[in-house]
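*Asks:* One structure follows; several queries about it will come next.
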Amino acid sequence: MSAGGDPRALIRGLKQTLRELAAEGLDTLPRPPALPIDASPAPTAPLDRAPETGATAPIAAPVATTSAPGIETLEAIRTDLGDCRRCGLCETRKQLVFGEGSPQASVVFVGEGPGADEDRTGRPFVGRAGQLLDKMIEAVGWRREDVYICNVVKCRPPGNRNPEQQEISTCRPFLDRQLRAIAPRAIVTLGKPAAATLLGRSIAITRERGTWREWEGVPLMPTFHPAYLLRSYTRENRQAVWDDLRAVRARIDGS
Ligand code: SF4
Numbered sequence: 320m321s322a323g324g325d326p327r328a329l330i331r332g333l334k335q336t337l338r339e340l341a342a343e344g345l346d347t348l349p350r351p352p353a354l355p356i357d358a359s360p361a362p363t364a365p366l367d368r369a370p371e372t373g374a375t376a377p378i379a380a381p382v383a384t385t386s387a388p389g390i391e392t393l394e395a396i397r398t399d400l401g402d403c404r405r406c407g408l409c410e411t412r413k414q415l416v417f418g419e420g421s422p423q424a425s426v427v428f429v430g431e432g433p434g435a436d437e438d439r440t441g442r443p444f445v446g447r448a449g450q451l452l453d454k455m456i457e458a459v460g461w462r463r464e465d466v467y468i469c470n471v472v473k474c475r476p477p478g479n480r481n482p483e484q485q486e487i488s489t490c491r492p493f494l495d496r497q498l499r500a501i502a503p504r505a506i507v508t509l510g511k512p513a514a515a516t517l518l519g520r521s522i523a524i525t526r527e528r529g530t531w532r533e534w535e536g537v538p539l540m541p542t543f544h545p546a547y548l549l550r551s552y553t554r555e556n557r558q559a560v561w562d563d564l565r566a567v568r569a570r571i572d573g574s
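If you want it as structure tokens, here you go:
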């Protein structure tokens, strides 16, 4: 597909150009720097080791202030969501958890839905599972603020139950729009529901994790949810997630 005909390809190309300009020292564009993932050295540490010092040093990458034609901004999507009452999860949530991170992110992590801590703070992945996700992100040489983190549903299912299909179907267009706005070079789905949602089919996460898939032409890597990892903190599972994230890192670095 030619970049000239595809707005998402256009914006990906624009982002790549901006990163390259930043790497050459250009620092005169007006917005503060986004932090390109692909500037850090290739990961060499296992998941349960501390991240390597210096692996996450930011490089000044200017942020595009406008989107390519046809691509909306995250701000516009958040405004459209508003105080959303499109599905029943609005009845029990404390607050909506839209997502956070760099709008220029090279990689987007997608979970299933907010938990109690996220519902209370309005931020994704801030509880124990979120802290583990932070370690996972740092272990491959990224920083949380370099990536984008969000969920399939933006409001907490009561009692941390799985979101129902109708709730997913209602909220999912906003996730699609977030992904199109960011135009990442890779998506990492955390757990089975997020992978199943974006792939549009049932999956067996133990069989499909670590296997490249695609969402609208964007490489997608299914891996375990950090909450699962906490429940089953085995060497084998840690190694699996480490392998998955290292594969994502290598793909982004090589693209
Ligand atoms: S889960 Fe999504 S669709 Fe349902 S109320 Fe929250 S933001 Fe709206």
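Our numbering puts the sequence shown at residues 320 to 574.
Glycine is no exception: its CB is placed at the ideal position from the N, C-alpha and C atoms.
Quick caveat: nothing in here was measured; it's all calculated off a predicted structure.
On the criterion of 16 or more Cβ atoms from any shown chain inside 10 Å, does S488 qualify as buried, or is it exposed?
*Replies:* exposed
*Asks:* When DSSP builds the beta bridges, which residues end up paired with A505?
*Replies:* Looking at the DSSP assignment, A505 forms a beta bridge with V426.
*Asks:* How should P492 be labelled, buried or exposed, when 16 other C-beta atoms within 10 angstroms of its C-beta is the threshold for buried?
*Replies:* exposed
*Asks:* Got a sec: does the ligand SF4 put a non-hydrogen atom nearer than 7 Å to the Cβ of R404?
*Replies:* yes
*Asks:* By how many angstroms is the C-alpha of E486 removed from the C-alpha of P512?
*Replies:* 12 Å
*Asks:* Run the proximity test for K511: is its beta-carbon closer than 7 Å to any non-hydrogen atom belonging to the ligand SF4?
*Replies:* no
*Asks:* So, under 8 Å CB-CB, I496 and E394 are touching, yes? Tell me the CB distance rounded to an integer number of Å.
*Replies:* According to the sequence as given, residue 496 is Arg; it is not Ile. In fact, because the Cβ distance is near 12 Å, the residues do not count as touching under 8 Å.
*Asks:* Helix or strand or just coil, what does DSSP make of L469?
*Replies:* Strictly speaking, residue 469 in this sequence is Cys, with Leu absent from that position. Correct three-state label for C469: strand.
*Asks:* How far does the alpha helix (DSSP H) with P545 in it extend, from its first residue to its last?
*Replies:* Residues 545-550.
*Asks:* Hey, how far is the Cα of A435 from the Cα of G441?
*Replies:* 10 Å
*Asks:* For A515, which residues from the same chain have a beta carbon less than 8 Å from its beta carbon, with the 5 sequence-adjacent residues on both sides left out?
*Replies:* S521, I522
*Asks:* Who are the near neighbours of A569 in its chain, counting only those whose CB is closer than 6 Å to its CB and skipping five residues on each side?
*Replies:* The answer is none, since no qualifying residue turns up.
*Asks:* Kindly indicate the opening and closing residues of the beta strand (DSSP E) around V537.
*Replies:* Run containing V537: 537-542, per the beta strand (DSSP E) assignment.
*Asks:* What residues in its chain sit with their C-beta under 7 Å from that of R532, if we drop five residues either side in the sequence?
*Replies:* L518, L539, P541
*Asks:* Inspect the CB distances between the region 445-457 and the region 498-506 and report whether three or more fall short of 8 Å.
*Replies:* no
*Asks:* Would you decide whether P477 is buried or exposed? Buried here means 16 or more other CB atoms lie within 10 Å of its CB.
*Replies:* exposed
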